[in-house]
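Asks: This note's numbering puts the first residue of the sequence shown at 433, with every later residue one more than the last. Glycine residues also receive a C-beta, built at the ideal position from the N, C-alpha and C atoms. Given the structure is predicted, the values throughout are model-derived calculations rather than measurements. I have a structure here, written as C-alpha coordinates, and I will follow up with some questions on it.
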Amino acid sequence: MVKVRCYQKLILNNKNINKFYITLLSLFTMITILSSPSVNAMTVNATFEPPSKDTTPVLELGPPEHTTILSIADIESLPIYKTDNIEHFDGPSGQFYGVWLNDLLEKYHLKDAPRLRFTALDGYEVFIDKSSRQKRQYFLATRLNNLPITTDNLGPLMLLIPYDLDLPITQAASKSRWIWALHTIIAQ
(Lines of atoms letter the chains of each structure in order from A; the text may use other names.)
(Lines give C-alpha, C1' and ligand atoms only; values in the text may rest on other atoms or scores of the structure.)
Protein backbone atom coordinates (compact mmCIF):
# COMPACT_ATOMS: atom_id res chain seq x y z
CA MET A 433 0.00 0.00 0.00
CA VAL A 434 2.82 2.40 0.82
CA LYS A 435 4.55 1.73 -2.50
CA VAL A 436 1.36 2.48 -4.40
CA ARG A 437 0.91 5.79 -2.62
CA CYS A 438 4.53 6.72 -3.28
CA TYR A 439 4.11 6.04 -6.98
CA GLN A 440 0.87 8.03 -7.04
CA LYS A 441 2.61 10.98 -5.42
CA LEU A 442 5.50 10.67 -7.84
CA ILE A 443 3.10 10.64 -10.76
CA LEU A 444 1.08 13.54 -9.39
CA ASN A 445 4.20 15.57 -8.70
CA ASN A 446 5.47 15.04 -12.23
CA LYS A 447 2.42 16.23 -14.18
CA ASN A 448 4.53 18.28 -16.58
CA ILE A 449 6.71 15.30 -17.41
CA ASN A 450 3.61 13.15 -17.93
CA LYS A 451 2.04 15.77 -20.20
CA PHE A 452 5.26 15.92 -22.18
CA TYR A 453 5.37 12.14 -22.68
CA ILE A 454 1.68 11.96 -23.56
CA THR A 455 2.11 14.77 -26.09
CA LEU A 456 5.22 13.12 -27.52
CA LEU A 457 3.44 9.77 -27.79
CA SER A 458 0.44 11.42 -29.48
CA LEU A 459 2.68 13.18 -31.99
CA PHE A 460 4.56 9.99 -32.75
CA THR A 461 1.29 8.11 -33.29
CA MET A 462 -0.08 10.80 -35.62
CA ILE A 463 3.14 10.95 -37.66
CA THR A 464 3.19 7.17 -37.97
CA ILE A 465 -0.42 7.04 -39.12
CA LEU A 466 -0.09 9.92 -41.58
CA SER A 467 3.18 8.74 -43.09
CA SER A 468 2.13 5.11 -43.49
CA PRO A 469 0.55 4.28 -46.82
CA SER A 470 -3.00 3.13 -46.38
CA VAL A 471 -3.61 -0.46 -47.37
CA ASN A 472 -6.64 0.68 -49.37
CA ALA A 473 -5.24 3.96 -50.71
CA MET A 474 -6.17 4.49 -54.34
CA THR A 475 -3.43 5.51 -56.72
CA VAL A 476 -3.57 6.64 -60.31
CA ASN A 477 -0.29 6.49 -62.21
CA ALA A 478 0.93 7.54 -65.62
CA THR A 479 1.35 4.65 -68.01
CA PHE A 480 3.37 4.28 -71.16
CA GLU A 481 0.75 2.29 -73.04
CA PRO A 482 0.41 3.41 -76.64
CA PRO A 483 -2.79 5.31 -77.43
CA SER A 484 -5.63 3.53 -79.15
CA LYS A 485 -5.87 3.66 -82.93
CA ASP A 486 -9.65 3.20 -82.82
CA THR A 487 -11.24 6.11 -84.70
CA THR A 488 -14.84 5.02 -84.12
CA PRO A 489 -16.85 8.02 -82.81
CA VAL A 490 -17.68 7.56 -79.10
CA LEU A 491 -18.08 11.01 -77.52
CA GLU A 492 -19.82 14.24 -78.46
CA LEU A 493 -18.15 17.16 -76.69
CA GLY A 494 -18.50 20.94 -76.67
CA PRO A 495 -20.95 23.80 -76.41
CA PRO A 496 -24.41 22.96 -77.82
CA GLU A 497 -23.93 25.13 -80.91
CA HIS A 498 -20.56 23.63 -81.89
CA THR A 499 -19.89 20.07 -80.74
CA THR A 500 -16.97 17.88 -81.71
CA ILE A 501 -17.18 14.13 -82.18
CA LEU A 502 -14.25 12.29 -80.60
CA SER A 503 -12.92 8.76 -80.89
CA ILE A 504 -10.97 6.77 -78.31
CA ALA A 505 -7.86 7.64 -80.36
CA ASP A 506 -8.67 11.36 -80.00
CA ILE A 507 -9.21 11.03 -76.25
CA GLU A 508 -6.07 8.96 -75.74
CA SER A 509 -3.96 11.54 -77.56
CA LEU A 510 -3.70 12.98 -74.03
CA PRO A 511 -1.46 11.36 -71.39
CA ILE A 512 -2.90 7.99 -70.35
CA TYR A 513 -3.17 6.96 -66.70
CA LYS A 514 -4.18 3.76 -64.95
CA THR A 515 -5.83 3.14 -61.61
CA ASP A 516 -5.24 0.48 -59.04
CA ASN A 517 -7.85 -2.24 -59.10
CA ILE A 518 -11.26 -0.67 -58.54
CA GLU A 519 -14.24 -2.64 -57.39
CA HIS A 520 -16.99 -0.63 -59.04
CA PHE A 521 -20.04 -0.47 -56.77
CA ASP A 522 -22.49 -1.32 -59.53
CA GLY A 523 -20.46 -2.41 -62.50
CA PRO A 524 -17.19 -3.83 -63.72
CA SER A 525 -14.13 -4.21 -61.54
CA GLY A 526 -10.47 -4.09 -62.47
CA GLN A 527 -7.78 -1.66 -63.48
CA PHE A 528 -9.11 1.31 -65.44
CA TYR A 529 -7.06 3.23 -68.01
CA GLY A 530 -7.95 6.66 -69.32
CA VAL A 531 -7.36 10.39 -69.06
CA TRP A 532 -8.08 13.08 -66.51
CA LEU A 533 -11.28 14.89 -67.39
CA ASN A 534 -9.71 18.32 -66.79
CA ASP A 535 -6.98 17.53 -69.35
CA LEU A 536 -9.65 16.71 -71.94
CA LEU A 537 -11.66 19.83 -71.09
CA GLU A 538 -8.58 22.02 -71.36
CA LYS A 539 -7.63 20.59 -74.75
CA TYR A 540 -11.12 21.28 -76.11
CA HIS A 541 -11.48 24.71 -74.43
CA LEU A 542 -14.18 23.68 -71.93
CA LYS A 543 -12.14 23.97 -68.74
CA ASP A 544 -13.89 27.21 -67.75
CA ALA A 545 -17.43 26.09 -68.62
CA PRO A 546 -19.63 26.94 -65.62
CA ARG A 547 -21.51 23.64 -65.87
CA LEU A 548 -21.28 20.48 -67.95
CA ARG A 549 -24.01 17.96 -68.74
CA PHE A 550 -22.83 14.35 -68.99
CA THR A 551 -25.26 11.99 -70.73
CA ALA A 552 -25.12 8.21 -70.92
CA LEU A 553 -26.40 6.06 -73.77
CA ASP A 554 -29.49 5.19 -71.69
CA GLY A 555 -30.35 8.89 -71.18
CA TYR A 556 -29.04 9.14 -67.60
CA GLU A 557 -27.69 12.66 -67.00
CA VAL A 558 -25.33 14.19 -64.48
CA PHE A 559 -24.54 17.91 -64.19
CA ILE A 560 -21.15 18.89 -62.77
CA ASP A 561 -20.29 22.52 -62.16
CA LYS A 562 -16.85 24.10 -62.38
CA SER A 563 -16.29 24.23 -58.60
CA SER A 564 -17.01 20.50 -58.28
CA ARG A 565 -14.55 19.77 -61.09
CA GLN A 566 -11.93 21.81 -59.24
CA LYS A 567 -12.53 19.98 -55.94
CA ARG A 568 -12.45 16.45 -57.30
CA GLN A 569 -10.32 14.74 -59.93
CA TYR A 570 -12.65 13.10 -62.41
CA PHE A 571 -11.23 10.28 -64.51
CA LEU A 572 -12.51 9.42 -67.97
CA ALA A 573 -11.92 5.68 -68.35
CA THR A 574 -11.37 4.38 -71.88
CA ARG A 575 -10.11 0.87 -71.03
CA LEU A 576 -10.69 -1.85 -68.46
CA ASN A 577 -7.73 -4.13 -67.74
CA ASN A 578 -6.03 -2.48 -70.75
CA LEU A 579 -8.79 -3.55 -73.17
CA PRO A 580 -11.54 -1.38 -74.65
CA ILE A 581 -14.54 -1.17 -72.30
CA THR A 582 -17.31 -3.16 -73.96
CA THR A 583 -20.98 -2.24 -73.77
CA ASP A 584 -21.44 -5.36 -71.61
CA ASN A 585 -19.04 -3.69 -69.15
CA LEU A 586 -20.90 -0.36 -69.36
CA GLY A 587 -18.55 1.17 -71.94
CA PRO A 588 -17.20 2.53 -74.11
CA LEU A 589 -16.48 5.39 -71.66
CA MET A 590 -16.92 5.73 -67.90
CA LEU A 591 -16.55 8.79 -65.66
CA LEU A 592 -15.09 7.85 -62.26
CA ILE A 593 -13.81 9.64 -59.16
CA PRO A 594 -11.02 7.25 -58.11
CA TYR A 595 -9.75 9.14 -55.06
CA ASP A 596 -13.22 9.13 -53.47
CA LEU A 597 -13.12 5.36 -53.10
CA ASP A 598 -11.15 5.57 -49.84
CA LEU A 599 -13.04 8.48 -48.30
CA PRO A 600 -15.78 8.08 -45.72
CA ILE A 601 -19.19 8.27 -47.35
CA THR A 602 -19.75 11.72 -45.80
CA GLN A 603 -16.71 13.16 -47.60
CA ALA A 604 -17.00 11.39 -50.95
CA ALA A 605 -18.92 12.82 -53.86
CA SER A 606 -22.08 10.94 -54.55
CA LYS A 607 -21.53 7.78 -56.55
CA SER A 608 -24.41 9.05 -58.70
CA ARG A 609 -21.81 11.34 -60.31
CA TRP A 610 -20.06 8.28 -61.66
CA ILE A 611 -21.48 7.67 -65.09
CA TRP A 612 -20.98 4.75 -67.40
CA ALA A 613 -21.80 4.32 -71.09
CA LEU A 614 -21.00 8.03 -71.38
CA HIS A 615 -21.54 9.49 -74.84
CA THR A 616 -21.96 13.29 -74.52
CA ILE A 617 -20.39 16.12 -72.54
CA ILE A 618 -22.14 19.39 -73.33
CA ALA A 619 -21.32 22.80 -71.82
CA GLN A 620 -24.32 24.53 -70.29
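Under the rule that 16 or more other beta-carbon atoms within 10 Å means buried, what is Phe571, buried or exposed?
Replies: Start at 1 with the first residue of the sequence shown, and residue 571 comes out as number 139. It is buried - the Cβ of Phe571 has at least 16 other Cβ atoms within 10 Å.
Asks: Can you tell me the Cα-Cα spacing of Arg575 and Leu542, whole angstroms?
Replies: On the sequence shown, position 143 is the one that residue 575 refers to. On the sequence shown, position 110 is the one that residue 542 refers to. Computed Cα separation, rounded: 23 Å.
Asks: Pick out whichever of Arg568, Leu537, Asp486 has its Cα sitting closest to the Cα of Ile581.
Replies: As a first step, residue 581 must be located in the sequence shown, where it is residue number 149. Of the candidates Arg568, Leu537, Asp486, the one whose C-alpha sits nearest the C-alpha of Ile581 is Asp486.
Asks: Kindly identify the DSSP beta-bridge partner or partners of Trp610.
Replies: In the sequence shown, residue 610 corresponds to position 178, counting from 1. According to DSSP, which records beta bridges pairwise, Trp610 is partnered with nothing at all.
Asks: With distances taken between CB atoms, is the gap from Ile659 to Arg549 smaller than 7 Å?
Replies: The structure shown does not extend to residue 659, since the chain is modelled only from 433 to 620, so the question has no answer here.
Asks: Does the distance from the C-beta atom of Leu638 to that of Leu592 stay below 7 Å?
Replies: Since the first and last residues shown for the chain are 433 and 620, residue 638 lies out of range.
Asks: Between the Cα of Thr479 and those of Pro496, Thr551, Tyr556, Trp532, spot the shortest distance and give me the residue it belongs to.
Replies: Walking along the sequence shown from the start, residue 479 turns up at place 47. Nearest option by C-alpha distance: Trp532.
Asks: Please state if the CB of Thr515 and the CB of Pro588 are separated by a distance shorter than 7 Å.
Replies: What you label residue 588 is simply residue 156 of the sequence shown in a count that begins at 1. What you label residue 515 is simply residue 83 of the sequence shown in a count that begins at 1. It is not a contact, given that the beta carbons lie outside the stated cut-off.
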